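Novice: Remember, the working numbering sits 384 above the position in the sequence shown when you count from 1.
Positions of the beta carbon are idealized from the N, C-alpha and C atoms, including for glycine.
Given the structure is predicted, the values throughout are model-derived calculations rather than measurements.
Dropping a structure here in structure tokens format, bear with me for questions.
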Amino acid sequence: MRKIRDEQKGIIFIAVMFLILIGAGVFFALSLRTDNVADSLDEDQVIRELFVFENYDGGVLFSSVLVYYPVTQRAAIVNVPSNTGAIYSSLGRVDAIEEVYKEKGLNAFRKEVADLLGMKIPFYSVIKVEDVTKLTDIFGGLRVFIPSPVDFENDDGNRILLPSGAVNLDGTKIQMYLNYRLPEEDDSSEQERYQNVMAAILTGLHEKSYLVLNSKHFSKYTECIKTNLEADDSFTLFKMICNIDAESIIKLNITGVNRVNDGKILLYPRENGGFIKTAVKQTTNMLTSTGGTQTSRIYVLEIQNGTSEQGLAGRTADLFRNASYDVLSPVNASGYYDKTVIIDHIGNKEIAKMVGEFIHCTNIQEEEINTEEEVENSSANVDFTVILGRDFNGRYVISSSK
385 MRKIRDEQKG IIFIAVMFLI LIGAGVFFAL SLRTDNVADS LDEDQVIREL FVFENYDGGV
445 LFSSVLVYYP VTQRAAIVNV PSNTGAIYSS LGRVDAIEEV YKEKGLNAFR KEVADLLGMK
505 IPFYSVIKVE DVTKLTDIFG GLRVFIPSPV DFENDDGNRI LLPSGAVNLD GTKIQMYLNY
565 RLPEEDDSSE QERYQNVMAA ILTGLHEKSY LVLNSKHFSK YTECIKTNLE ADDSFTLFKM
625 ICNIDAESII KLNITGVNRV NDGKILLYPR ENGGFIKTAV KQTTNMLTST GGTQTSRIYV
685 LEIQNGTSEQ GLAGRTADLF RNASYDVLSP VNASGYYDKT VIIDHIGNKE IAKMVGEFIH
745 CTNIQEEEIN TEEEVENSSA NVDFTVILGR DFNGRYVISS SK
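Right, dumping it as structure tokens:
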């Protein structure tokens, strides 16, 4: 055999060193690989994920943002109607938020939703409408509440037939549930159905977690739900979400006024988006509060009108309902009030302060119950009573200094 020349030795040496460097690079890349979910939770312990349900035409049927705090296992879902209108920077014009998705793509859409709600959204999932059917059947059905039976024929001549009550719908029925629209139905009823499906999917993930998190079956779910995460990170995220307290999911809606713009009916958020930002912030505070019983339930309010302005209590009740509170039918106060007051019936100063912050009210009083008779006559079914005074302008309490 011929001896290897010096030049060949040099080439071989360089090739070996090159391979060593490549191997070392791969090793360090793997060892330093960041866990996107863990990194996000290091910055903020709240998980925020955008779920986009994509229609057959590539548009947005609806989208929801999951706000989830793993420590308490409490969650809220914020429904974002596809016709939500605003001046979107990515488009440079006023239009429906769905157009951002169609024209600029998912990342631009996620940014606009994040700006609208006033929060960062690091994660997203896209579910095509046809994949909702597959996902539903994998779960063995999705459970939703239908207030009254549905039986009518749509424009295509197809008969829509759905039972009433808390029913378990298969994939085909879920398609009907998502896509029908009764002639007398308003937008809020349609959006409520969308929210019910989102909540049902989260409930399915929780109840079927033993299957979802099984390494043999996990790929079936990821085929239906496309995320912006690698497989390992996606598994970590879904493992956390599977622990969700499915019985206490708070539902938030974007409310506002419908106006026609360029032939389209757009929903302009209340207070130019300020209201939903406040509602999301307050709800997040409730989810992350770990003291006492704050995280165990939704709080019940009674709104009383202590002014001569007709309908003030009813309109204010709607504000609190849209901010995730349970509100009894509004009533008139026993007299007239100059100053708005919040009465705390449960001795929970932290939540009382949150209620006050929502309408900028600092006049909070704690109910004192001393005798058995007072206990029987107290507002046992109400956590907080809000009595509106003349200093309330329909949204906020205006301080005398202003």
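What is the C-beta distance between residue 636 and residue 708, in whole angstroms, given that I count them as a contact (C-beta under 8 Å)?
Specialist: Sure, about 6 Å apart at Cβ, within 8 Å.
Novice: Considering residue 429, what are the terminal residues of the alpha helix (DSSP H) in which it resides?
Specialist: It is not in any alpha helix (DSSP H) - residue 429 carries neither H nor E in the DSSP assignment.
Novice: One question on the structure: do residue 671 and residue 458 come within less than 8 Å of each other, judged by their Cβ atoms?
Specialist: Against a cut-off of 8 Å, the Cβ pair of residue 458 and residue 671 comes out as a contact.
Novice: Do residue 767 and residue 651 count as a contact pair if the criterion is CB distance below 8 Å?
Specialist: Going by C-beta atoms, residue 651 is not nearer than 8 Å to residue 767.
Novice: With H, G and I counted as helix, E and B as strand and the rest as coil, what does DSSP make of residue 699?
Specialist: Correct three-state label for residue 699: helix.
Novice: Take every Cβ of the stretch 475-488, pair it with every Cβ of the stretch 576-587, and state whether three or more of those distances are shorter than 8 Å.
Specialist: Because the criterion of three Cβ pairs below 8 Å is not met, the stretch 475-488 and the stretch 576-587 do not touch.
Novice: Please name the residue in 661, 781, 447 and 627 whose C-alpha comes closest to that of residue 484.
Specialist: With distances taken between Cα atoms, residue 484 lies closest to 447.
Novice: Near residue 536, what residues of its chain come up, given a Cβ to Cβ distance below 7 Å and the 5 sequence neighbours on each side ignored?
Specialist: So the list reads 544 and 566, once near-sequence residues are dropped.
Novice: How many Å lie between residue 432 and residue 596 at the Cα?
Specialist: Straight-line Cα distance between these residues: approximately 20 Å.
Novice: Among 563, 529 and 643, which has the Cα closest to the Cα of residue 438?
Specialist: Among 563, 529 and 643, the Cα nearest to that of residue 438 belongs to 563.
Novice: Can you find at least 3 beta carbon pairs, one from the stretch 496-506 and one from the stretch 537-556, that sit closer than 8 Å?
Specialist: As far as the Cβ criterion goes, the stretch 496-506 does not touch the stretch 537-556, which means the pair count is below three.
Novice: Terminal residues of the continuous alpha helix (DSSP H) containing residue 591?
Specialist: First-last of the alpha helix (DSSP H) with residue 591: 571-591.
Novice: Please state the DSSP three-state secondary structure of residue 504.
Specialist: In this structure, residue 504 counts as coil in the three-state DSSP scheme.
Novice: When burial is assigned at 16 or more other CB atoms within 10 Å of the CB, is residue 782 buried or exposed?
Specialist: Under this definition residue 782 is an exposed residue.
Novice: With distances taken Cα to Cα, identify the nearest neighbour of residue 569 among 584, 586, 531 and 603.
Specialist: The shortest Cα separation from residue 569 among 584, 586, 531 and 603 belongs to 531.
Novice: Residue 474 and residue 498 look like a contact to me (Cβ under 8 Å); what is the Cβ gap, rounded to whole Å?
Specialist: Actually they do not touch by this definition, with Cβ atoms about 12 Å apart.
Novice: Go ahead and pull the three-state DSSP assignment for residue 528.
Specialist: In the structure shown, residue 528 sits in a strand (DSSP, three-state: E or B).
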